[in-house]
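Everything below concerns the one structure shown next.
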Amino acid sequence: MLSKREVFDGVPEEYLSHKERYENAIRNSVVAFSLVRKMQEEGKTSINNYRDVVGGLLGSSVLRDGSPLGLHYIMFMPAILNQANEEQQEKWLPRAWNCSIIGSYAQTELGHGTFIRGLETTATYDAATKQFVLHSPTLTAYKWWPGGLGQTANYCIVVAQLYTKGQCHGIHSFIIQVRDEETHMPLPGIKIGEIGAKLGLNAVNNGFLGFDNYRIPRTNMLMKHAQVLEDGTYVKSRHSKLNYGAMVFVRVVIVFDMVNYLSKAVTIATRFSAVRRQCQLKAGETECQILDYVTQQHKLFVSIAAAHAFRITANKLWLTFNEVNEQLVEGNLQRLPELHALACCLKAVTTADTAACVERCRLACGGHGYMMSSSLPLTYGLVTAACTYEGENTVLLLQTARFLVKTYQQLDSKALTPTVAYLKTAAAERFCVGWSNTTEGIIRGFQVVAMRVIIMSTFNEEVQEMSRTVSPQLKEVLHQLVDLYCTYWALEKLSDLLLYTPISQKEVESLRLRYEETLTNLRPNAVGLVDAFDLRDEMLQSTLGSYDGRVYERLMEEAMKSPLNAEPMLQSTLGSYDGRVYERLMEEAMKSPLNAEPVNYTFHKYLKPFMQGKL
289 MLSKREVFDG
299 VPEEYLSHKE
309 RYENAIRNSV
319 VAFSLVRKMQ
329 EEGKTSINNY
339 RDVVGGLLGS
349 SVLRDGSPLG
359 LHYIMFMPAI
369 LNQANEEQQE
379 KWLPRAWNCS
389 IIGSYAQTEL
399 GHGTFIRGLE
409 TTATYDAATK
419 QFVLHSPTLT
429 AYKWWPGGLG
439 QTANYCIVVA
449 QLYTKGQCHG
459 IHSFIIQVRD
469 EETHMPLPGI
479 KIGEIGAKLG
489 LNAVNNGFLG
499 FDNYRIPRTN
509 MLMKHAQVLE
519 DGTYVKSRHS
529 KLNYGAMVFV
539 RVVIVFDMVN
549 YLSKAVTIAT
559 RFSAVRRQCQ
569 LKAGETECQI
579 LDYVTQQHKL
589 FVSIAAAHAF
599 RITANKLWLT
609 FNEVNEQLVE
619 GNLQRLPELH
629 ALACCLKAVT
639 TADTAACVER
649 CRLACGGHGY
659 MMSSSLPLTY
669 GLVTAACTYE
679 GENTVLLLQT
689 ARFLVKTYQQ
699 LDSKALTPTV
709 AYLKTAAAER
719 FCVGWSNTTE
729 GIIRGFQVVA
739 MRVIIMSTFN
749 EEVQEMSRTV
759 SPQLKEVLHQ
769 LVDLYCTYWA
779 LEKLSDLLLY
789 TPISQKEVES
799 LRLRYEETLT
809 NLRPNAVGLV
819 DAFDLRDEML
829 QSTLGSYDGR
839 VYERLMEEAM
849 KSPLNAEPML
859 QSTLGSYDGR
869 VYERLMEEAM
879 KSPLNAEPVN
889 YTFHKYLKPF
899 MQGKL
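Each residue of the sequence shown is one higher than the one before, starting from 289 at the first, in the numbering used here.
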C-alpha cells in the first residue's frame, strides 16, 4: 500500500481547502480499499484486518486525516454481523463486503450523545403498509457526527426509538438507504449533509441526517436480537445489551489505534531528541543530546513503556472480546457485563493517556513540534478526538465504576470473572500490611485502590511470561519498562496510595530515586526501543522523526512546499450569547462548500466505479 506513490504525491494536505481535502480523501481511500478488495479476492484479508487499514499505523499513513470509508468497515459491517439475522446478513453483507453499497452508522444526535436512551429519532411501525416511518421530531433529533455520511455513504444504520402499537420499546437499529444508488442524490424525506470543519479528522466527511416521515420496509429493522412481526407485535430481545455489540467492537479497535498513534508520536520525539543538541556542559565541548537530560527522559520514556503496556493489553482485550462473543453465540451471557466494563475502561484510559503522552512528545520537540510537518499536531488531533467519540470518557469510566461497585457487593455471593478476581484477593485481611518499593508491591497497592490495575498488572504478567524465552539483555530492558511504567503511576497517584496503603514518606523518596535510576538505565536503549516499533518513514510522515536523522534538511524541504495560502478562522458555534447552539451548528454546517451541491464529483469519478468493481 505504501508503494502507491499517487497517495502521497501532490500538495501537502495542510495547504488544501476543506473541500479539496475531502476530494483527496475519496481518491486515496478508493486506492487503498481497491487494494483491500484485491486482497479479499486473493484470500489474504478478513474483516479483522480492516482495523489496520482505517486506523492506526497504516490508516494514518495512507489516509492521514481519516477516511470517509472508515465507518463502512468499522461500524456498518460489524453492526450487520452483530445485529442482523441470517436472512438479513445474506441480503446486505455481500453488498457491503464488495462495496457495491457504502454504509455509515448514525447514533449520536445534535442533542444527545452518550445518553443513548435519550435519543429522539423515532421509528414508528405502520402495520397497514408493513413499514417503519422514520422521523426527526426536533432539530436536536438530527443525527450528527457519523463518518462518511455527509457526501459518501448511500446507506446507513440508524439507531432510533421503536414505536409499535402505541408503545415505545426503546432504541433499535435500522438499515436505511439515504441516497440513490445510481445518481447518489439524497432520497425524498432525507435531509443530509456534512457538519463542517473540525480540530482534526476533516477528511472523514462527518455528516448530519434528518428524516421527514421517511418510510422503510419492516425487514429493514435489524432483527437478530428483537423483532417486530407483520401485525406489529414486538418480540423482546433476550438481552438488551446484545444490541451494543458494534460499539464494544469499535472501542476495542480504538485501543489498538491508541497503541499505534502513541508509538508513532514517541518514535518521532525520541529520534528528534537524539539529533537535537542543546547547551554545553563545559566550554569548548560538543553540545549535549537533549535525550541525555533527565527532564527529557521523564517526558518520553513513560510513553515508550505505555505503548508496550497498551499493546499487550489491547491484544488481551481482543482475545477476551472473541472469547465472550463465542460464549454469546452459545447463549452464555455471563461475561458480557465484564466485556462491556473492560471496553469502556480501556477505551477511556488509553485515549486519555495517549492524548497526554502525544502532547508531551510534541512539547519535547520544542518549537519544531508545533510544525504540521512534524506530524505531531495532526496525531494529537486524531487521538484527542477519541476521548469523546464512541462514548465520552468520564461517562465510560463511571460505567466501569458501576460494574466494579456491583462486583464488590457480590464478593461473597458470586464467582468473579477473571479480570476482577483481584478484588477478592485485595479485600482479604493483611493483603497490604506493608509497602514494598517493587513492581509487585506497587501493583498490590493499586489493587487496593482499584486504580489502573487492568493495564498495569497485565503488562507485568505478560512481560514475566515473555522473559522466559528472550535473551537476558532483552529481559532486563523489558523489566525496566514495566518498572518505569508502574513507578511513574505510583508517583502520579500518590494521593490514592497514601490514603489506602501503608506507604511512608521515606518510601516515597526512595520511589522517586528509583524512578530517576530507571530513566538513566533506559537511556542507552531509548532509540533502539522506538526503532523496534518498526515504523517506516512513510508511516511516520514526519520531518522530525525520520530514520536517517535529517531533521533540519527535511524541515526546510517541507517549508518550501508552502503556497502561503491563509485560511480564515471559524467563530464559535457553541458559546454564543443567545444560546442557539444547535441552530448555529446547523447554520455553520450549511456553509461548508461540500454542502453547496448534492453530489460531489468524486462520486462519479471514484466512488461509483469502485462500488461497481470497475476501477
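By construction, the Cβ of each residue, glycine as well, lies at the ideal position given by its N, Cα and C atoms.
Query - First and last residue of the uninterrupted alpha helix (DSSP H) at His596 - result: Locating residue 596 in the sequence shown gives position 308, where the first residue counts as 1. Residues Val582 to Val617.
Query raised in the report: With burial defined as no fewer than 16 other Cβ atoms inside 10 Å of the residue's Cβ, what is the status of Phe598: buried or exposed?
Result: In the sequence shown, the residue the question calls residue 598 occupies position 310. Looking at its Cβ environment, which holds 16 or more other Cβ atoms inside 10 Å, Phe598 is buried.
Query - Nearest-angstrom beta carbon gap, Leu799 and Asn883 [assumed within contact, 8 Å] - result: Taking the first residue of the sequence shown as position 1, residue 883 is located at position 595. Taking the first residue of the sequence shown as position 1, residue 799 is located at position 511. Actually they do not touch by this definition, with Cβ atoms about 56 Å apart.
Report task. Take Ala557 and list the residues in its own chain whose beta-carbon comes closer than 7 Å to its own, dropping the five residues that flank it on each side. Result -> Numbered from its first residue, the sequence shown carries residue 557 at position 269. Once the five neighbours on either side are set aside, the close Cβ partners of Ala557 are Leu588, Cys649, Ala652 and Cys653.
**Report entry** Opposing strand residues paired with Ala394 [DSSP bridges]
**Finding:** Position 106 of the sequence shown, counting from 1, holds the residue named residue 394. DSSP output for Ala394 lists Val446 as bridge partner(s).
**Report entry** Ala854 classed as buried or exposed, judged by whether at least 16 other C-beta atoms fall within 10 angstroms
**Finding:** Taking the sequence shown and counting its residues from 1, one reaches residue 854 at position 566. With a pLDDT of 33 at Ala854, under the threshold of 50, the modelled position of that residue is not reliable, and the figure given next carries that caveat. Counting Cβ neighbours within 10 Å, Ala854 comes out exposed, since fewer than 16 surround it.
Query raised in the report: If you measure from the beta carbon of Ala384 to each beta carbon in chain D, is any gap under 8 Å?
Result: The question asks about chain D, but that chain is absent: this structure has only one protein chain.
Query raised in the report: What are the start and end residues of each continuous alpha helix (DSSP H) run of 4 or more residues lying completely inside the segment 433-519, in chain order?
Result: Within the segment 433-519, not a single complete alpha helix (DSSP H) segment reaches 4 residues in length.
Query raised in the report: If we count the other Cβ atoms within 10 Å of its Cβ and call it buried at 16 or more, is Asn888 buried or exposed?
Result: Locating residue 888 in the sequence shown gives position 600, where the first residue counts as 1. By the 10 Å Cβ count, Asn888 comes out buried.
Query raised in the report: Looking only at C-alpha atoms, which of Lys896, Gly435 and Leu369 sits nearest to Asp353?
Result: For this step, residue 353 is matched to residue 65 along the sequence shown. The option with the nearest alpha carbon to Asp353 is Gly435.
**Report entry** Member of Gly488, Leu290, Ala674 and Trp385 whose CA lies at the smallest distance from the CA of Tyr361
**Finding:** Residue mapping note: residue 361 aligns to position 73 of the sequence shown, counting from 1. Here the closest residue by C-alpha is Trp385.
Query raised in the report: Taking buried to mean at least 16 other C-beta atoms within 10 Å of its own C-beta, is Gly899 buried or exposed?
Result: In the sequence shown, residue 899 corresponds to position 611, counting from 1. Here the sequence assigns Met to residue 899, which means Gly is not the residue at that position. Label assigned to Met899: buried.
Requested in this report: Decide yes or no for the touch test of the segment 371-380 against the segment 507-518: beta carbon pairs closer than 8 Å, at least 3 of them.
Outcome: yes
Query raised in the report: Where does Tyr413 fall in DSSP's three states?
Result: Locating residue 413 in the sequence shown gives position 125, counting from the first residue. Strand at Tyr413.
Query raised in the report: For the segment 602-621 against the segment 658-670, are there 3 or more C-beta pairs whose distance is under 8 Å?
Result: no
Query raised in the report: Below 8 Å between beta carbons: does that hold for His457 and Tyr549?
Result: Sequence index remark: in the sequence shown, residue 457 carries index 169 (1-based). Sequence index remark: in the sequence shown, residue 549 carries index 261 (1-based). No, Cβ-Cβ distance for His457 and Tyr549 is not below 8 Å.
Report task. Could you tell me the distance, in whole angstroms, from the CA atom of Lys307 to the CA atom of Asp700? Result -> In the sequence shown, counting from the first residue as 1, residue 307 sits at position 19. In the sequence shown, counting from the first residue as 1, residue 700 sits at position 412. The alpha-carbon atoms of Lys307 and Asp700 are separated by roughly 60 Å.
Query raised in the report: Under the rule that 16 or more other beta-carbon atoms within 10 Å means buried, what is Asn681, buried or exposed?
Result: For the purposes of this step, residue 681 is identified with residue 393 of the sequence shown, where counting begins at 1. Classification of Asn681: buried, given that the 10 Å Cβ count is 16 or more.
Report task. For Ser834, collect the residues of the same chain with a Cβ closer than 8 Å to its Cβ; drop the 5 residues on either side in sequence, then sort them by chain order. Result -> In the sequence shown, residue 834 corresponds to position 546, counting from 1. Correct list, in chain order: Arg559, Asp825, Leu828 and Arg842.
Query raised in the report: Are the segment 703-716 and the segment 766-773 touching, with three or more C-beta to C-beta distances below 8 Å?
Result: no
Query raised in the report: Between Gly484, Gly498 and Phe499, which lies nearest to Val492 when the distance is taken from Cα to Cα?
Result: Start at 1 with the first residue of the sequence shown, and residue 492 comes out as number 204. Residue Gly484 is the option with its Cα nearest to Val492.
Requested in this report: Could you pull the start and end residues of the alpha helix (DSSP H) that Phe898 belongs to?
Outcome: Numbered from its first residue, the sequence shown carries residue 898 at position 610. Lys896 to Met899 is the span of the alpha helix (DSSP H), which, as asked, contains Phe898.
Report task. Can you say whether Gln793 is buried or exposed, counting buried as having 16 or more other CB atoms within 10 angstroms of its CB? Result -> Residue mapping note: residue 793 aligns to position 505 of the sequence shown, counting from 1. So Gln793 counts as exposed.
Query - Chain-order list of residues whose beta-carbon lies under 7 Å from that of Thr695 (same chain, five-residue window excluded) - result: Indexing the sequence shown from 1 puts residue 695 at position 407. Here the set comprises Leu704, Val708 and Leu711.
Report task. Identify whether Tyr522 lies in helix, strand or coil by the three-state DSSP scheme. Result -> Counting from one through the sequence shown, the residue named residue 522 turns up at place 234. DSSP places Tyr522 in strand when its eight states are reduced to three.
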